[in-house]
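**Q**
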Amino acid sequence: MANTVTYELPLNERTRLFLRLEHLFNQSAQGLEEGKNWAFHLSLNSLCEILNILDRIDIKSEALQETDKIRNCLFALQDNPQADLNVIEKVVKRLNDIHTGLLHFSLTSLPSIRKNEFLTQLRQRLKGPGSPLSYDFPAYHHWLHCSNGEKVAQLRAWLEDLAPISEAIYTLLELVRSSGMKQRCLAQQGRYHQQFEKGHQLRLVRLHLEQEVEAYPEMSGNRHRMNVRFFQSTSDTPKSELTKSDIPFDITFCKV
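Per the numbering used here, residue -6 is the first one in the sequence shown, and the count goes up by one each step.
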């Protein structure tokens, strides 16, 4: 379906966490692509948020567990006569590479990040409202006015230190997203409900809506069921209204 907008609903905390990290890693690369100060600020802000998450949660362990889970699913498929063994072999190799990279990753052994005074101070300053001003954090003001080449090189070095994590997140989410099949659905009078089978292994729901539809979905769900409500797309009313129209859309249930 051409010209669609995709909305995603994670059905467990690990997938929710991976989606958040994917979003932050994408934003952290903006400075490399745009070369503007607003993009460099967004990049550093996102990098600091990633480091805050890594301080609170053992992402390495979460990614290793997910890697093992998907590898086991693929090993179980090898006995299926309809399975493409070449594809399985290639995916398992990718997962093995990810697994090896994660095993050798340790945030505490990265002094360029953990013991970097500039990043430490920036993380503290970003906890307040607004971005750091020249009188508040002159080192950051100075960094923003360095040449783009210097900023790109420094930002790339920090992101490369975190590459085992980012590559694992990107690969695992790619495999999850590719594991489902689209099906056509209809939200009658703007509402759609789906009850999940007991014992399912769903991790992510992806809703694909034609761009010209003048409505947007609000999705909610858990391991038992999901609900979708479509609201009229308008910015000139104080409160969004549930549409009364029937809305056709595609949906993908992803589980690996």
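We put the beta carbon where it would ideally sit given N, CA and C, even for glycine.
This structure is a prediction, so every number in the text was calculated from the model and none was measured.
Helix or strand or just coil, what does DSSP make of F175?
**A** Looking at the sequence provided, one finds Lys at residue 175 rather than Phe. Reduced to three states, the DSSP call for K175 is strand.
**Q** Which residue comes first and which comes last in the beta strand (DSSP E) that contains D243?
**A** It spans I240 to C247 - the beta strand (DSSP E) in which D243 sits, taken as one unbroken run.
**Q** List the endpoints of the continuous alpha helix (DSSP H) containing S39.
**A** Start and end: N30 to R49.
**Q** Determine the direct distance from the alpha carbon of L67 to that of S203, and round the result to whole angstroms.
**A** It should be pointed out that residue 203 corresponds to Glu in this sequence rather than to Ser. For E203 and L67, the distance between alpha carbons rounds to 33 Å.
**Q** So, under 8 Å CB-CB, L115 and C41 are touching, yes? Tell me the CB distance rounded to an integer number of Å.
**A** L115 to C41, Cβ: 6 Å. Contact.
**Q** Let me know if W250 comes out buried or exposed under the rule of 16 or more other beta-carbons within 10 Å of its beta-carbon.
**A** Residue 250 is absent from the model: the chain starts at -6 and stops at 249.
**Q** Which of helix, strand or coil does DSSP assign to L119?
**A** DSSP places L119 in coil when its eight states are reduced to three.
**Q** What does N220 pair with, by DSSP beta-bridge criteria?
**A** The partner list for N220 (beta bridge, DSSP) reads H186 and S213.
**Q** Per DSSP, R199 forms a beta bridge with which residues?
**A** Answer by DSSP bridge pairing, in chain order: E1 and T245.
**Q** Between the C-alpha atoms of R216 and L10, what's the straight-line distance to the nearest angstrom?
**A** Approximately 16 Å, taken between the alpha carbons.
**Q** Give me whichever residues DSSP pairs with Q181 in a beta bridge.
**A** In DSSP, Q181 forms a bridge with R184.
**Q** Near K120, which residues of its chain fall below 6 Å by C-beta distance, leaving aside the five closest residues on each side in sequence?
**A** Contacts found: none.
**Q** Does S39 have its Cβ less than 7 Å from a Cβ in chain B?
**A** No chain B appears in the structure shown, which is made up of a single protein chain.
**Q** Report yes if the C-beta distance between R222 and E205 is below 7 Å; otherwise report no.
**A** No, these two residues do not count as a Cβ contact at 7 Å.
**Q** Is the region 74 to 91 in contact with the region 23 to 43, if contact means three or more CB pairs nearer than 8 Å?
**A** No, because fewer than three Cβ pairs between the region 74 to 91 and the region 23 to 43 fall closer than 8 Å, the two stretches do not touch.
**Q** Out of curiosity, what's the CA-to-CA distance linking T(-1) and F246?
**A** In a straight line, the C-alpha of T(-1) is about 13 Å away from that of F246.
**Q** Which term fits Q181, buried or exposed, when burial requires 16 or more other beta carbons within 10 angstroms of its beta carbon?
**A** Result: exposed.
**Q** Can you tell which of T60, Y185 and I50 has the C-alpha that lies nearest to the C-alpha of M219?
**A** Nearest C-alpha to M219: Y185.
**Q** Is it the case that the Cβ atoms of K83 and S172 are separated by a distance below 7 Å?
**A** No, the pair does not count as a contact, with Cβ atoms beyond the cut-off.
**Q** Got a sec? Which residues, its chain only, sit under 6 Å from F18 by beta carbon, not counting five neighbours each side?
**A** Closer than 6 Å at the Cβ level, and outside the excluded window around F18, lie S159.
**Q** Ordered along the chain, which non-local residues of its own chain (more than five positions away) have a Cβ less than 7 Å from that of R64?
**A** For R64, where only same-chain residues beyond five positions count, the Cβ hits under 7 Å are V85 and L88.
**Q** Please state whether DSSP places A22 in a helix, a strand or coil.
**A** Three-state result, A22: coil.
**Q** Who are the Cβ neighbours of E15 in its own chain at under 7 Å, not counting the five residues just before and after it?
**A** Taken in chain order, the residues that qualify are I162, Y163 and L166.
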